[in-house]
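Engineer: Shown below is the structure under consideration.
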Amino acid sequence: MAYAGSTVHIACAFSIVELLAVLYRSHLRYPGNDPLAKGRDYLVLSKGHGVMAQYACMREKGWIGDKEIQGYFSDGSHLKGLSDSRNPGLEVTSGSLGHGFSVGVGLALGAKLNATDQKIYALVGDGEINEGPIWEGALFAAHHELNNLMIIVDENGYQAMGSTQEVLKLGSIQSKFESFGFKAMTVDGHDQAAIDDAIGELWSMASGAPRALIAKTVKGKGVAFMEHNNAWHYTRLDADTYRRALSAITGKA
Amino acid sequence: MRARLSATLVSIARADPKVLLLTGDHGYALFDEFRRECPAQYINAGVAEQNMVGVAAGLARSGFRPFVYGLSAFIPVRVLEQIKIDVAHDNLPVILLGDGAGFVYSYLGTSHQSTEDIACARVVPNLSVYSPADRFEAAACMQMAFESKTPVYLRIGKSDRGDVHEAVPQEKVGRLLPARTGTCAEIVFIATGALVRTAIDIAARSYPDAAVWSAPFIKPIDGEQVISICRPHRVVVVLEEHSVFGGLGSVVAEITSESSPVKVLRVGVRDRFSQCCGSYEYLLREHGLDAAAIEQRVRAYLSAN
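From first to last, the protein sequence lines are chains A and B. Residue numbers are given in my numbering: position 243 of the first sequence equals residue 224, and the series is strictly consecutive. Numbering-wise, my numbering comes out as the position in the second sequence, counting from 1, plus 67.
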């Protein structure tokens, strides 16, 4: 996809691959494997820039096919560079940051009022939490005791124009969410077993509080020349970098 | 008008437990009855309008029917992007109630005055824009917005200028409503919101044979009807407590210019912020929107055209 596309948010997708893999494999419930099933759990990709990783998961689920993947960014493609809710499997239209989380808060409140056991996961970027509505939503979620809501922060340490340290210091994201009344944990966002355990442990806490999982990740994870190199926030692969990236991921020359 | 809005909302909410009212810490007395009658359906989302609209979108996705209330300067203008992306993009049935539109907050200044809202809202796909003139139109707009099951921005302006109809109009969405009948071929008035009353007063005083039409629906609007209202007249005067850019005057000019050109005088706020504060009537005078100033403009326009 990142080879087919003209310019793509490739590193933003690579930092959340393991998070999505664990969520889809072990936590998200889709009755009948239907992405539109009533009563499904919701995965709200608030950082729409990571959508390529979600397309890969949707292909694994059988919701989209190779043809659509190969047609990424071609004229008439439904799979856009940012999440579009009109594709079954994508719950929100995101890319303008700080939107999806609030919609997730509304879904969580709706599930509570409807007395369902649905779980709502909202995946946000660390750059994204610069946005004010994230903190409006955090206050609201804690006030309404939305303990069916988990915000997952992809803390890869970078945003579009630089490191979070350079742009707007975030300090401890975990303690920020704790001070807003969340039950929070920090985990290695590339260790699938640790992610799985942390999600399980957060849900197992007997509390009315919403949950926050801070995932320490590496932007561009898996491809050495992309890791910690913010040029790959929004860059396409050419023939050479595609070959090198593929070899780094598959281990084949 | 406000009592009627409140009563209509209460009756809609009592009939459907999926109705929720979200407010951005505004509403004071307007929602006393709602809170008494439907306490479980009332959510004060705090001074956090952006989150409130996103939450409403999530609730609509979960099968609820949210009404989102705020001052018109904030709902829809401050949260236009949330309305566009989170609500309108997927045609979710969220009703946005924007109160105090125009110069209602005449003493408070620019932050609370709202003369850009129609222009902002009407360019968002899927989003309808309603603008009632009296309690009867308000009740009809509220009911029709709910029944449409689509995103609607309902603009609530100055609400104590008296009735322009005698009963709740039985018409379809998009129709303009006669507020005063007349046969004058020289001039016809089309107005929305609080200025419908002004148009009626001006016509009664100076153009006794002129008709006045109220436009409670800015979008969608029945284009054929607009043309049939305008065509027989030499001059059409459109009045609104809103910018002359992008409001009802623009709507009428856009529609008529394509297939039935006619002289349209757009009376509204002429691309300026209020300079001073004072009573509502004072603010109208400052902007040249009091009946005397409008009459003078109309007379000058008629003699020049």
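Just so you know, even glycine gets a beta-carbon here, dropped at the ideal spot from N, CA and C.
1) Among the residues of its own chain, which have a CB less than 7 Å from the CB of arginine 247(B), if the five just before and after it don't count?
2) Are any of the Cβ atoms in chain A nearer than 8 Å to that of isoleucine 322(B)?
3) What is the C-beta distance between methionine 68(B) and arginine 202(B), in whole angstroms, given that I count them as a contact (C-beta under 8 Å)?
4) Using 10 angstroms around the beta-carbon of glycine 335(B), count the other beta-carbons present and answer buried if the total reaches 16, otherwise exposed.
5) Would DSSP call alanine 234(B) helix, strand or coil?
6) Return helix, strand or coil for glycine 169(B), following the three-state DSSP convention.
7) To test your reading of the DSSP string, which unbroken alpha helix (DSSP H) runs of 4 or more residues are found completely within the region 282 to 363 of chain B?
8) Do we get a CB-CB distance below 8 Å when we pair valine 84(A) with the residues of chain B?
9) Scan the region 95 to 123 of chain B for residues whose Cβ lies nearer than 7 Å to a Cβ of chain A and list them as they occur along the chain.
10) Of the residues Pro16(A), Val148(A), Ala212(A), Leu194(A), which one's Cα is nearest the Cα of asparagine 68(A)?
11) Contact defined as beta carbons within less than 8 Å: I believe alanine 226(A) pairs with valine 204(A). What is the distance between those atoms, to the nearest angstrom?
12) Are isoleucine 180(A) and leucine 104(A) closer than 8 Å when you measure CB to CB?
13) Helix, strand or coil for isoleucine 180(A)? Go by DSSP, reduced to three states.
14) Taking the CB atoms as reference points, tell me whether isoleucine 257(B) and valine 305(B) lie closer together than 8 Å.
15) Please report the residue range of the alpha helix (DSSP H) in which tyrosine 86(A) lies.
16) Could you confirm whether any beta carbon from chain D is found closer than 8 Å to the beta carbon of phenylalanine 131(B)?
17) So isoleucine 318(A) is in the beta strand (DSSP E); what residue range does that whole segment cover?
18) Exposed or buried, which one is glutamine 35(A) when buried takes at least 16 other CB atoms within 10 Å?
19) Going by other Cβ atoms of all chains shown within 10 Å of its Cβ, with 16 needed for buried, is aspartate 135(A) buried or exposed?
20) Please give the ranges of any alpha helix (DSSP H) in the region 80 to 167 of chain A, keeping only runs that are unbroken, at least 4 residues long and fully inside the region.
21) Taking 8 Å as the CB-CB cut-off, is leucine 163(B) touching chain A?
22) Relative to the C-alpha of leucine 71(A), which residue among Gly31(A), Ala229(A), Asp219(A) is closest?
23) Excluding the 5 residues flanking glycine 85(A) on each side, which residues of the same chain have their C-beta closer than 6 Å to its C-beta?
24) Would DSSP call valine 25(A) helix, strand or coil?
25) Under 9 Å between beta-carbons, which chain B residues line up against leucine 120(A)? List them in chain order, please.
26) Return the chain-ordered list of same chain residues with a C-beta closer than 8 Å to the C-beta of asparagine 193(B), the five sequence neighbours on each side being excluded.
27) Output needed in chain order: residues of the region 65 to 77 of chain A with a Cβ under 9 Å from some Cβ in chain B.
28) Three or more beta-carbon pairs under 8 Å between the region 41 to 56 of chain A and the region 84 to 91 of chain B, yes or no?
29) Got a sec? Which residues, its chain only, sit under 6 Å from leucine 88(A) by beta carbon, not counting five neighbours each side?
30) Can you find the residues in the same chain that come closer than 7 Å, C-beta to C-beta, to alanine 188(B), ignoring five residues on each side of it along the sequence?
31) Alpha carbon to alpha carbon, how far is arginine 228(B) from glycine 176(B)? Give it in angstroms, no decimals.
32) Confirm, please, whether the CB-CB distance from tyrosine 11(A) to alanine 18(A) is below 8 Å.
33) Please report how far the alpha carbon of arginine 128(B) lies from the alpha carbon of alanine 141(A), in whole angstroms.
34) Where does lysine 48(A) fall in DSSP's three states?
35) Looking at C-alpha atoms only, which residue of Glu253(B), His232(B), Gly130(B), Gly290(B) is the closest neighbour of valine 240(B)?
36) Taking only the alpha-carbon atoms, compute the straight-line gap between arginine 21(A) and asparagine 14(A) and give it to the nearest angstrom.
Structural biologist: On the basis of the supplied data:
1) On the second sequence, residue 247(B) is found 180 positions in, with the first residue counted as 1. Taken in chain order, the residues that qualify are Ile267, Ala270, Ala278, Val279.
2) Stepping through the second sequence from its first residue, residue 322(B) is reached at position 255. For isoleucine 322(B), the answer is no, since every Cβ of chain A falls outside 8 Å of its Cβ.
3) Locating residue 68(B) in the second sequence gives position 1, where the first residue counts as 1. Locating residue 202(B) in the second sequence gives position 135, where the first residue counts as 1. Right, their Cβ atoms sit about 4 Å apart.
4) In the second sequence, counting from the first residue as 1, residue 335(B) sits at position 268. By the 10 Å Cβ count, glycine 335(B) comes out buried.
5) Sequence index remark: in the second sequence, residue 234(B) carries index 167 (1-based). Alanine 234(B): coil per DSSP, three-state reduction.
6) Numbered from its first residue, the second sequence carries residue 169(B) at position 102. Residue state, collapsed to three classes: strand.
7) Listed in chain order, the complete alpha helix (DSSP H) runs (minimum 4 residues) inside the region 282 to 363 of chain B are 290 to 297, 315 to 326, 347 to 353.
8) Taking the first sequence and counting its residues from 1, one reaches residue 84(A) at position 103. Answer yes: the Cβ-Cβ gap between valine 84(A) and chain B drops below 8 Å somewhere.
9) Ala112, Gly113, Ala115, Gln117, Asn118, Gly121, Val122, Ala123
10) For the purposes of this step, residue 68(A) is taken as residue 87 along the first sequence, with counting starting at 1. Considering only alpha carbons, the answer is Pro16(A).
11) The residue given as residue 226(A) occupies position 245 in the first sequence. The residue given as residue 204(A) occupies position 223 in the first sequence. About 5 Å separates the two Cβ atoms, so the contact holds.
12) Position 199 of the first sequence, counted from the first residue, corresponds to residue 180(A). Position 123 of the first sequence, counted from the first residue, corresponds to residue 104(A). Not closer than 8 Å, so no.
13) Looking up residue 180(A) in the first sequence gives position 199. In this structure, isoleucine 180(A) counts as helix in the three-state DSSP scheme.
14) One-based indexing of the second sequence puts residue 257(B) at position 190. One-based indexing of the second sequence puts residue 305(B) at position 238. Yes.
15) Working through the first sequence from its first residue, we reach residue 86(A) at position 105. The question names tyrosine, but residue 86(A) is valine in the sequence shown. Counting along the chain, the alpha helix (DSSP H) containing valine 86(A) begins and ends at 81 to 94.
16) Any reference to chain D falls outside this structure, whose protein chains are A and B.
17) With chain A covering only -18 through 234, there is no way to say anything about residue 318(A).
18) Along the first sequence, read from residue 1 onward, the residue named residue 35(A) stands at position 54. The residue in question, glutamine 35(A), is buried, as its Cβ has 16 or more Cβ neighbours within 10 Å.
19) By 1-based counting over the first sequence, the position of residue 135(A) is 154. Buried is the call here.
20) Segments of the alpha helix (DSSP H) lying fully in the region 80 to 167 of chain A: 81 to 94, 113 to 124, 145 to 148, 154 to 160.
21) Position 96 of the second sequence, counted from the start, is the residue given in the question as residue 163(B). Chain A contact via Cβ: absent.
22) Looking up residue 71(A) in the first sequence gives position 90. When each option's Cα is compared against that of leucine 71(A), the closest is Gly31(A).
23) Locating residue 85(A) in the first sequence gives position 104, where the first residue counts as 1. Excluding sequence neighbours, glycine 85(A) sits near Val25, Ile101, Ala103.
24) Start at 1 with the first residue of the first sequence, and residue 25(A) comes out as number 44. In the structure shown, valine 25(A) sits in a strand (DSSP, three-state: E or B).
25) Locating residue 120(A) in the first sequence gives position 139, counting from the first residue. Leucine 120(A) reaches chain B at Gly113, Ala115, Asn118, counting residues in chain order whose Cβ is nearer than 9 Å.
26) For the purposes of this step, residue 193(B) is taken as the residue at position 126 of the second sequence. Cβ neighbours of asparagine 193(B) beyond the five flanking positions: Ala155, His156, Asn158, Thr217, Pro218.
27) Asp65, Ser66, Arg67, Glu72, Val73, Thr74, Ser75, Gly76, Ser77
28) no
29) Here the question's residue 88(A) lines up with position 107 in the first sequence. Within the same chain, leucine 88(A) has close Cβ partners Tyr23, Ile101.
30) Translated into the one-based positions of the second sequence, residue 188(B) becomes position 121. Cβ within range, chain order: Pro143, Leu194, Val196, Tyr220.
31) The count along the second sequence starts at 1 and reaches residue 176(B) at position 109. The count along the second sequence starts at 1 and reaches residue 228(B) at position 161. About 21 Å.
32) Here residue 18(A) refers to the residue found at position 37 when the first sequence is read from its first residue. Here residue 11(A) refers to the residue found at position 30 when the first sequence is read from its first residue. Taking 8 Å as the Cβ cut-off, alanine 18(A) and tyrosine 11(A) qualify as a contacting pair.
33) Indexing the second sequence from 1 puts residue 128(B) at position 61. Indexing the first sequence from 1 puts residue 141(A) at position 160. Answer to the nearest angstrom: the Cα atoms are 31 Å apart.
34) Residue 48(A) sits at position 67 when you count from the first residue of the first sequence. Three-state result, lysine 48(A): helix.
35) Locating residue 240(B) in the second sequence gives position 173, where the first residue counts as 1. Residue Gly290(B) is the option with its Cα nearest to valine 240(B).
36) Counting from one through the first sequence, the residue named residue 21(A) turns up at place 40. Counting from one through the first sequence, the residue named residue 14(A) turns up at place 33. Between arginine 21(A) and asparagine 14(A), the alpha-carbon positions lie close to 9 Å from each other.
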